[in-house]
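Just so you know, we're using the working numbering here: the sequence shown kicks off at 107 and counts up by one.
Glycine is no exception: its CB is placed at the ideal position from the N, C-alpha and C atoms.
As structure tokens, the structure follows; a few thoughts come after it.
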Amino acid sequence: MSKRQFHLNEGEANELQGVFQACKDGPTRTRLQAVRLYGLGKSVKEIEQVCVCTRSALMTWSREYRNGGISELFDQRKGGNSAKLKRNQVEQIKTLLHTYTPAQLWGAEQCAGTGDFWSVPDLAHLVEERCHVVYLSDNSYRSLFRKCGFTRQRPGYVYRSRSTADVMTFEEEIEKK
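Below, the structure is given as structure tokens:
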């Protein structure tokens, strides 16, 4: 078994403890506490139980602290998302979706369906044409539909065995009432 190379002096341990007490973020507090305990010579098993972490995570946090200091133990993620479309582009797409049908923009022959209703392939064509963006997943286009206020419409059931004459009679009766 190798000998532990990582040790904290009293000043470093106190600094970690002070930052730990001031910190409000749970995962960061866990990292600070685990590194402090490891640097003070506590056993890895004990730290795993107290901090509820894995040995590999503890070693990673200790290495990051050794290489970059306390700042490396804080969450380094930037946040937000990597949206490919800007807010004004989404508004432009929304306006086009609500104003035109695919057939009105490109003609019925270039549309995925009849061109009367928007579909994922039609939206993909529009986004690529107007914004020069291509999503890898159809789910991204469905999300864009939701952002633009569109909902998914499922076709109604049509029974093949129904009589068109009976349907016409039924509709006439409804109109009379």
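- With distances taken between CA atoms, Ser162 lies nearest to Val150 out of Val150, Asn120 and Val156.
- Its chain contains Cys157 and Cys159 as the residues whose beta carbon lies nearer than 7 Å to that of Thr136, once the 5 sequence neighbours on both sides are disregarded; these appear in chain order.
- In its chain, beyond the 5 residues on either side, Val226, Leu229, Ala230 and Tyr241 have a beta carbon closer than 7 Å to the beta carbon of Tyr247.
- Thr207 sits close to Phe223, with the two beta carbons spaced by under 9 Å.
- Going by beta carbons, Val233 and Leu191 fall inside the 9 Å limit.
- Boundaries of the alpha helix (DSSP H) harbouring Ala140: Gly132 to Gly145, taken from the DSSP string.
- Apart from sequence neighbours up to five positions away, the residues of its chain that approach Pro133 with a beta-carbon distance below 8 Å are Asp181, ordered along the chain.
- In the three-state DSSP reduction, Asn194 falls in the helix class (H, G or I).
- Bounds of any alpha helix (DSSP H) do not take in Trp224, whose DSSP letter is neither H nor E.
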